[in-house]
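Only one structure is covered here, and it is reproduced in the block below.
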Amino acid sequence: MHVLGIETSCDETAVAIYHPQKGLMAHVLHSQIATHNEYGGVVPELASRDHVRKLLPLIGRVLQDGKLTGADIDGIAYTAGPGLMGALLVGAATARSLAWAWNIPAIAVHHMEGHLLAPMLEDDAPALPFVALLISGGHTLLIEVSAIGRYRLLGETLDDAAGEAFDKTAKLLGLSYPGGPALSRLAETGKPRFQFPRPMTDRPGLDFSFSGLKTSVLNTFNNSKQTTQDKADIAFAFQQAIAETLTIKCHRALQQTGLKTLVVAGGVSANTAIRQQLGTMTTAEHARIYFPRPEFCTDNGAMIAYAGYQRLKAGQSQDLTLFARPRWPMAQLLSV
Ligand code: KG4
Ligand code: ZN
5 MHVLGIETSC DETAVAIYHP QKGLMAHVLH SQIATHNEYG GVVPELASRD HVRKLLPLIG
65 RVLQDGKLTG ADIDGIAYTA GPGLMGALLV GAATARSLAW AWNIPAIAVH HMEGHLLAPM
125 LEDDAPALPF VALLISGGHT LLIEVSAIGR YRLLGETLDD AAGEAFDKTA KLLGLSYPGG
185 PALSRLAETG KPRFQFPRPM TDRPGLDFSF SGLKTSVLNT FNNSKQTTQD KADIAFAFQQ
245 AIAETLTIKC HRALQQTGLK TLVVAGGVSA NTAIRQQLGT MTTAEHARIY FPRPEFCTDN
305 GAMIAYAGYQ RLKAGQSQDL TLFARPRWPM AQLLSV
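Just so you know, we're using this note's numbering here: the sequence shown kicks off at 5 and counts up by one.
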C-alpha cells in the first residue's frame, strides 16, 4: 500500500510517500520562512496562497522521486487539524479531490498524531506503550500512549507552548523568525550567568506554564545593557530553564505511569540541549528515549503519510466531505 501524505497546516508545504515494506519512498518540503520572515511570524493568508502555489508541483515531484505515478497510490493522508483553517483547506481539498479522481480512500490525520508517530519511521522505533512529550510551536503535551490512537492526556501547557516561548524570546532578543533554531545557536556562546524560573515544578502535576518565564526573561533583558553577550547569556539561561522544566515533568510522568520508554517529538525536540538533558535523565532512570531524526522533528509529510497508513490499514477513511478542524483535541481520535 503506497500512501501519499500531505501536510499544509502552517508554514510548510510537505509531501511524502510511505509504503509499509519499502519504507519512506520519497519526501519533499517547501518552507515558507522567507515569505513570513519580514512579518516576524506566520501571516495566515500568505500561508494559504503559498500552499496553493506549491502543493500540486510538490506532489508531482514526490511521485517522480519515488518513480511512481498516481495509479500506484493506494490512499491519501492529509493533515486536517489543528492548524490554520485556510492552510488546512488547501491540503484537504487537494487530497480529497485527488482521492476522488483516483478512486482511492482519503484519511484525515491529526497533526500532533503525525508528530507523535514520527519516531516510528526510524530503524530503531519505540515499542508501545510509552510516554510521549510533544513540543511544537502550538502545543506542549504529555501523553500516555497505550496503542496507536489510544492517548491519555497527562499534562499540557496552561498558556504558551514551548516553541511559542522560544519564538517570543527570540523575537525579544532581535532574532529572526522562526526563533527556536536561532535562539539555540545564540545560546551556544552564552555563559551560565542568569537564573530563570522552572515554572510549575515546585508543585505536583504534569501541566506546564511558560508565560511567567517570558516575563522573567523580559525583565532581565530590560535591566541588562543588551549587548551581544547579554543576549547570548539570556538565551543560554532560557534554554536551560525550558530543558530542565521539560525534564522534571517527563521524569515525573515516567514515575507516575511506571513506563520505561519516553518518546519526544515536535519542532522543539530538534533542540540539542533539550535532547541532552532528557537523555541524561532517561539513562539515570534506566529508561529508553526516542526522537525522530531532526528533519522529522519539525513539520513534514512523512509523519502524515505514516499516521495515515496506520489508520487506512485499520479500515478508516473519510467520505467526500472536506474535513478540516483548526481546533481538534487529540482525545477525540479513534483508536486503530
Ligand atoms: O512542529 P513544528 O515544526 O510546527 C508546529 O507544529 O508548531 O514546530 C515549530 C516550532 C517553532 O516554535 C520553532 O521555533 C521550534 O519548533 N523549533 C525549535 C528548534 N527547531 C524548531 N525550538 C528550539 N530549538 C530548535 N532547534
Ligand atoms: Zn508541527
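Think of the CB as a built atom: it goes at the ideal place given N, C-alpha and C, for glycine as much as any other residue.
Closer than 6 Å by C-beta to G159: which residues in its own chain qualify, once you throw out the five before and the five after it? Chain order, please. L146, L210, D211
Would you check if the segment 171-178 and the segment 233-245 touch, i.e. whether three or more CB-CB distances between them fall below 8 Å? yes
Report all residues for which the CB-ligand distance to some heavy atom of ligand 1 is below 5 Å; order them along the chain. S140, G141, G142, G167, F170, D171, P182, G184, P185, S188, G270, G271, V272, A274, N275, T302, D303
Spatially closest choice to L266 from F214, I21, L50, A131, by CA coordinates: A131
Between the Cα of A166 and those of L190, A186, K218, L121, spot the shortest distance and give me the residue it belongs to. K218
Measure how close the beta-carbons of A311 and L121 come, nearest whole angstrom, since I'm counting them as under 8 Å. 5 Å
So the candidates are P201, D303, L187, E126; which of them puts its Cα closest to the Cα of G271? D303
Can you give me the Cβ contacts of G153 inside the same chain, cut-off strictly under 7 Å, excluding the 5 residues immediately before and after it? L337, L338, S339, V340
Verify whether the separation of the beta carbon atoms of S213 and L162 is less than 7 Å. yes
Between F327 and the rest of its own chain, which residues show a CB-CB distance below 7 Å, the 5 nearest in sequence each way excluded? A84, A96, A112
For the segment 169-232, list the alpha helix (DSSP H) runs that are entirely contained and at least 4 residues long, ordered along the chain. 183-191, 215-227
Under a Cβ-count criterion, where at least 16 other Cβ atoms within 10 Å of its own Cβ denotes burial, should R315 be classed as buried or exposed? buried
Through-space distance from A75 to A169, alpha-carbon basis: 44 Å
Among the residues of its own chain, which have a CB less than 6 Å from the CB of Y22, if the five just before and after it don't count? V7, L28, A309, Y310, Y313
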